[in-house]
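> In the UniProt record's numbering, the protein residues as written are 1 to 155.
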């Protein structure tokens, strides 16, 4: 079963170069992943500059919370500074669940940054509700917290 959802947030007064660095680099990737509130056990596997690989575990509930699962996730994340984009490719449950995200950065007229994310994936029917409803909810919650990664910046 295929699924798709998207969301966007504006980071007011945060220049695009700074937003791109914090939301795409190996230095900040663990902080970004943990914003979802369901991620744990982060491990950076490799850092090759614009391509990083990492693992983490998501704790999810299935069937209305009756079943609780730990889902180990392996990610390859590739950033393109020229296009100001990030491609996130993940594999869960030995390839049964595939999630691809594209994060795009656009300057706003007031000097801030618009961050847009599009998520496309495929999963078995058992994970349909989690992938569509909970995945979208988790994306929105995490993206709405992106501004907290810039609390050290004086605006």
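Think of the CB as a built atom: it goes at the ideal place given N, C-alpha and C, for glycine as much as any other residue.
If you follow the beta strand (DSSP E) that residue 100 is part of, which residue opens it and which one closes it?
Here the beta strand (DSSP E) through residue 100 covers 97-107.
> At which residue ranges does the segment 10-59 contain complete beta strand (DSSP E) runs of 3 or more residues, listed in the order of the chain?
You should have 39-47.
> Is it right to say residue 79 is buried, meaning 16 or more other beta carbons lie within 10 angstroms of its own, or is it exposed?
That one is buried.
> Taking the CB atoms as reference points, tell me whether residue 16 and residue 105 lie closer together than 8 Å.
Cβ distance < 8 Å, so residue 16 and residue 105 count as in contact.
> Does the separation of the CB atoms of residue 31 and residue 43 fall below 8 Å?
Cβ distance not < 8 Å, so residue 31 and residue 43 don't count as in contact.
> According to DSSP, which residues form a beta bridge with residue 127?
In the DSSP output, where bridge partners are listed per residue, residue 127 has none listed.
> Residue range of the alpha helix (DSSP H) that residue 112 falls in?
Counting along the chain, residue 112 falls outside any alpha helix (DSSP H), and DSSP gives it neither H nor E.
> List the endpoints of the continuous alpha helix (DSSP H) containing residue 141.
Start and end: 135-144.
> In whole angstroms, give me the CA-to-CA distance for residue 136 and residue 14.
Taking the straight line from one Cα to the other gives about 25 Å.
> Quick one: measure Cβ to Cβ for residue 143 and residue 117, integer angstroms, because I've assumed they're closer than 8 Å.
Confirmed, Cβ separation roughly 6 Å.
> So the candidates are 113, 11 and 126; which of them puts its Cα closest to the Cα of residue 2?
Answer by Cα proximity: 126.
> Report yes if the CB atom of residue 88 is closer than 8 Å to the CB atom of residue 77, and no otherwise.
In this structure, residue 77 lies closer than 8 Å to residue 88 by Cβ.
> Going by the CB atoms, is the gap between residue 7 and residue 139 shorter than 8 Å?
Yes; because the gap between Cβ atoms is below 8 Å, this pair is in contact.
> One question on the structure: do residue 34 and residue 45 come within less than 8 Å of each other, judged by their Cβ atoms?
In this structure, residue 45 does not lie closer than 8 Å to residue 34 by Cβ.
> With burial defined as no fewer than 16 other Cβ atoms inside 10 Å of the residue's Cβ, what is the status of residue 75: buried or exposed?
Buried, by the Cβ-count rule.
> What does a CB cutoff of less than 7 Å around residue 111 pick up in its chain, not counting 5 residues either side in sequence?
13 and 15.
> Would DSSP call residue 68 helix, strand or coil?
Strand at residue 68.
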